[in-house]
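Peer 1: So that we are looking at the same thing, I have put the structure below in structure tokens.
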Amino acid sequence: MVSVVFSYDTEEYQAPWTDEATKVWTDLLTKHNLRGCFCIVGEKARVLRDRGRRDIIEALKAHEIDYHSNLHSVHPTHAEYLNELNWDDGVRRCLMEETAGILDLQDILGQRPIAYCKPGNSWGPQVAYSMSILGLPIFTDAPIEFSPGHPMWFCNQLCLKYHLSFEQSMDTKNRFEHMKSNFLKIYNSRTDGYLIMYSHPCRMVASDFGDGLNFKDGLNTPREQWIPVPRRPKAEVSAISEAIDLFLGFVANEKIPVVTYQEIHEKYQETDIWISLETALNILQLVSHELTYHYSGNIYLSPAEIFGVATFILDGYNHTKSLPETIPVRRPIGPTEDCISETLTQVSLDTFLSCASQTNQTVSSDHRVPSVIDLSGTQISPSDFLKTSAHLIRNLHQFSEPISTVIVEQAKSLPTLAEREDFKNMRIGGWLMTPGFHADNVVAMAKRQTWTAKPAVSMNQR
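Each residue of the sequence shown is one higher than the last, beginning at 5 in this note's numbering.
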């Protein structure tokens with residue numbers, strides 16, 4: 005069965021009169037006993053408080069409160085500043101800037117958000133990772149998914165993609181029928197997973213976005229010079245509201261399951277797990293042929309998780325001369341820099357095991373796959389190290405007498421997913437950015453973090 009999420013990018017803080025649209029949405033959802041997910045910009049929450057709109061704040065509390073960045077389109081946006089920083093500095097800045105918005109949402113609206121929605125097309129993998137650190141395990145309106153309506157893990161966030169917009173029907177003649185037809189076309193084409201139908205509440209009453217008027221092309225228009233947001237005619241607003249009312253009534257009457265991000269997270273969340281040596285051997289055999297996520301038993305492991313499994317096994321063998329029977333699955337992020345291995349054909353078993361122990365400590369302490377591994381004074385890539393480790397572990401398991409030397413294998417530096425069209429041709433930015441802006445550094449980091457990508461599996465299928 006397909007679960008539906010109604011998600012609202014609640015971001016327009018420039019024009020006070022647009023606040024009313026949020027109230028209309030909350031009231032219509034409540035009228036039909038449906039819960040929406042309102043992804044709210046920190047500044048939007050603050051202006052609702054400062055304008056004394058307790059009525060809207062209280063109405064929102066009947067629904068799920070999620071997060072849509074602190075300032076949305078104010079420059080520099082996420083992509084703009086992340087493009088100038090390395091991984092760690094980017095994470096540090098994101099944590100500093102976004103903590104305030106999350107805390108204000110919690111203080112003003114009385115809920116701690118569980119989902120993060122990116123502002124426009126400005127994002128970076130450091131934002132996803134930062135949100136997971138800040139306790140927001142879901143990334144909605146994510147730029148990637150494996151297949152329509154099926155969640156995936158990326159940078160330790162559960163990624164969900166938007167599929168359908170209410171706004172596609174707002175400027176049509178038969179709004180309700182158009183809305184219903186668009187919805188059923190997608191809903192009836194699926195048998196499971198989720199479908200996210202979204203809107204910007206302000207678009208019910210405004211004919212354009214304030215951000216497009218005042219922050220386009222890298223501009224930070226001073227507040228006192230903001231171009232006014234254009235209003236829709238009252239008759240048009242009433243017609244849109246009526247169509248939405250009819251559509252929500254249709255969904256409620258048809259008993260279509262409407263869920264929140266919290267409920268999706270409860271369905272797909274991952275708990276701490278240990279896997280058997282047999283499962284580990286199966287997955288390591290697979291990853292030695294292709295650097296990607298792999299499935300064994302009833303779980304998927306990302307390349308980064310498989311890397312952690314391999315280093316744990318070899319560290320254990322280095323200290324006990326036996327392979328551990330069970331292995332914890334840690335969730336490190338991927339390498340944060342590129343590495344091309346230097347030429348090295350073989351090393352002694354003791355040298356490789358000593359390096360594996362040190363690498364395992366790095367995974368545990370830094371919570372990441374190291375970008376470069378120092379093997380007997382020679383730098384090798386984590387992908388080469390993983391492939392070599394996979395073959396070594398298989399040999400240690402199969403033969404009673406350990407080998408004396410280890411042949412260093414070569415592998416592609418990035419997982420297969422990085423070569424897929426959505427990553428290969430990824431573009432970050434658009435109309436909001438300064439003309440000619442290219443977030444090449446952010447895109448490169450996103451490709452490296454395909455080490456963390458894997459399909460999500462629901463709890464009842466494990």
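Note that beta-carbon positions come from the ideal geometry of N, C-alpha and C, so glycine has one too.
1) To the nearest angstrom, report how far apart Phe170 and Ser203 are at their CA atoms.
2) Alpha carbons only, please: which of Gly338, Ser358, Val291 and Thr296 is nearest the one belonging to Thr324?
3) Note down, in chain order, each residue of its chain lying with its Cβ closer than 7 Å to the Cβ of Met135, except the 5 sequence neighbours on either side.
4) Determine, using beta-carbon pairs with one atom in the segment 103 to 117 and one in the segment 59 to 74, whether at least three such pairs fall under 8 Å.
5) Given a threshold of 16 other Cβ atoms within 10 Å of its Cβ, counted over all protein chains shown, does Glu152 qualify as buried or as exposed?
6) With three or more C-beta pairs closer than 8 Å as the rule, is the segment 392 to 411 touching the segment 425 to 432?
7) Kindly give me the distance between the Cβ atoms of Thr420 and Asp221, rounded to whole angstroms, as I take these residues to be in contact under 8 Å.
8) Does Ala210 come out as helix, strand or coil in the three-state DSSP assignment?
9) Which ranges does the beta strand (DSSP E) cover as unbroken runs of at least 3 residues, wholly within the segment 348 to 377, from first to last along the chain?
10) Please determine if the segment 193 to 203 and the segment 212 to 229 are in contact, where contact requires at least 3 C-beta pairs separated by less than 8 Å.
11) Using a Cβ-Cβ cut-off of 6 Å (strictly less than) and excluding sequence neighbours within five positions of Pro336, which residues of its own chain qualify?
12) Hey, out of Gly433, Ala49 and Arg39, whose CA is closest to Thr14's CA?
13) Label Pro226 either buried or exposed according to how many other C-beta atoms from any shown protein chain fall within 10 Å of its C-beta, with 16 as the threshold for buried.
14) Assuming the contact rule is C-beta atoms closer than 8 Å, Ala83 and Ala443 should be a hit. Round their C-beta distance to whole Å, please.
15) With distances taken from CA atoms, which of Pro459, Pro20 and Ala460 is nearest Val233?
16) Just the C-alpha distance for Pro155 and Tyr265, rounded to the nearest angstrom, thanks.
17) Considering only residues of the same chain and omitting the five flanking positions on each side of Glu88, which have a CB-CB separation below 8 Å?
18) Which term fits Ala104, buried or exposed, when burial requires 16 or more other beta carbons within 10 angstroms of its beta carbon?
19) Three or more C-beta pairs under 8 Å: does that hold for the segment 372 to 389 against the segment 338 to 354?
20) Return the residue from the list Glu405, Ile432, Gln453 and Pro205 that minimises the CA-CA distance to Thr81.
21) Pull up the distance between the alpha-carbon of Ser185 and that of Pro459, whole angstroms please.
22) Rounded to the nearest angstrom, what separates Ala132 and Val6 at their Cα positions?
23) Go through its chain and collect everything with a Cβ distance to Trp91's Cβ below 8 Å, but skip five positions before and after it.
24) I'd like the span of the alpha helix (DSSP H) that includes Ile254, first residue to last.
25) Note down, in chain order, each residue of its chain lying with its Cβ closer than 8 Å to the Cβ of Arg466, except the 5 sequence neighbours on either side.
26) Going by C-alpha to C-alpha distance, which of Ile407, Glu274, Tyr299 and Asp249 sits closest to Asn286?
27) Rounded to whole angstroms, what is the Cα-Cα separation between Val412 and Phe316?
28) Please classify Asn74 as buried or exposed, where buried requires at least 16 other C-beta atoms within 10 Å of its C-beta.
29) Would Gly40 pass as a contact of Tyr71 if the rule is Cβ separation under 8 Å?
30) List, from N- to C-terminal side, the alpha helix (DSSP H) runs of 4 residues or more that fit wholly inside the segment 156 to 225.
31) If contacts are defined as beta-carbon pairs under 8 Å, then Leu436 and Ser126 qualify, I think. What distance do you get, rounded to the angstrom?
32) Let me know if Gly434 comes out buried or exposed under the rule of 16 or more other beta-carbons within 10 Å of its beta-carbon.
33) If we call anything under 8 Å between Cβ atoms a contact, is Val28 one with Ser245?
34) Can you tell me which of the three DSSP states Val151 falls into?
35) Give the list of continuous alpha helix (DSSP H) stretches no shorter than 4 residues that lie fully inside the segment 34 to 61.
36) Mind checking which residues open and close the beta strand (DSSP E) that includes Pro332?
Peer 2: So, from the data block:
1) Using only the alpha carbons, I get a separation of about 5 Å.
2) Ser358
3) Tyr120, Phe143 and Gln161
4) yes
5) The sequence shown places Pro at residue 152, rather than the Glu named in the question. Looking at its Cβ environment, which holds fewer than 16 other Cβ atoms inside 10 Å, Pro152 is exposed.
6) Touching, no, given that fewer than three Cβ pairs across the two stretches are closer than 8 Å.
7) Cβ atoms of Thr420 and Asp221 stay farther apart than 8 Å, at about 37 Å.
8) strand
9) Here the runs fully enclosed are 350 to 352.
10) Counting Cβ pairs under 8 Å, fewer than three are found: no touch.
11) Ala308, Gly312, Val367, His371, Arg372 and Val373
12) Ala49
13) Around the beta carbon of Pro226, a 10 Å sphere encloses fewer than 16 other beta carbons of the protein chains shown; the residue is thus reported as exposed.
14) Between Ala83 and Ala443 the beta-carbon gap is near 5 Å, inside 8 Å, which marks them as a contact.
15) Pro20
16) 11 Å
17) Asn445
18) Flag for Ala104 reads exposed.
19) yes
20) Ile432
21) 30 Å
22) 26 Å
23) Gln130, Thr340, Glu341 and Met449
24) The question names Ile, but residue 254 in the sequence shown is Phe. Counting along the chain, the alpha helix (DSSP H) containing Phe254 begins and ends at Lys238 to Asn257.
25) Asn302 and Ile303
26) Tyr299
27) 19 Å
28) Asn74 should be labelled buried.
29) Result no, Cβ atoms of Gly40 and Tyr71 do not sit closer than 8 Å.
30) 179 to 191 and 214 to 218
31) 6 Å
32) exposed
33) yes
34) According to the sequence as given, residue 151 is Ser; it is not Val. Correct three-state label for Ser151: strand.
35) Taking only runs of at least 4 residues, the alpha helix (DSSP H) segments lying wholly in the segment 34 to 61 are 46 to 54.
36) Thr330 to Pro332
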